[in-house]
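Residue numbers (the numbering used here): 5 to 141.
Just so it is clear, CB atoms sit at the ideal spot from N, CA and C, and this is done for glycine as well.
What you are looking at is a predicted structure, and each value in this text was computed from that prediction instead of being measured.
Shown next, in structure tokens, is the structure this report addresses.
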């Protein structure tokens, strides 16, 4: 017998915290506007922050599930997924913004961003960004 499907979760959920330095209503409104813009622009996955191997592993699982649930064709899903993993690995190895010493080659923690979405023509896009050292430019 099949398990019942998990209930659908809203894309954006407001979780107030005691740590907010802004007025909570203002913060909620900004977050809601951000979520609405992401929905309108058909953003499937977005992350900005520090990347590590364990964070990339967790993000890869989320990306895989999102692409499956969105009905993305198998070949497209595989290309997007493998490109995502490669670009995330590049952030880990090459971002100039790092919390770990430059000479550390294991357990690196570096800053970057990734966005997967669908453009106006229905084509998927994958954007990644990270700061680079001027020495490497």
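In this structure, the CA atom of residue 118 is about 4 Å from the CA atom of residue 132. Scanning the region 48-74 for uninterrupted alpha helix (DSSP H) segments of 4 residues or longer gives 57-73, listed from N- to C-terminal end.
Going by beta carbons, residue 88 and residue 64 fall inside the 9 Å limit.
The shortest CA-to-CA distance from residue 125 to any of 86, 45, 33, 35 is the one to 45. Distances from the alpha-carbon of residue 75 to those of 107, 48, 105 put 48 closest. Per DSSP, the unbroken alpha helix (DSSP H) holding residue 84 starts and ends at 78-98. Cβ contact annotation for residue 85 (same chain, cutoff 8 Å, sequence separation greater than five): 64, 67, 68, 71, in chain order.
Cβ-Cβ separation between residue 114 and residue 96: approximately 6 Å, consistent with a contact (criterion under 8 Å). Distance from residue 135 to residue 100 at the Cβ level is roughly 5 Å; contact confirmed, criterion being Cβ atoms closer than 8 Å. The three-state secondary structure of residue 131, taken from DSSP, is strand.
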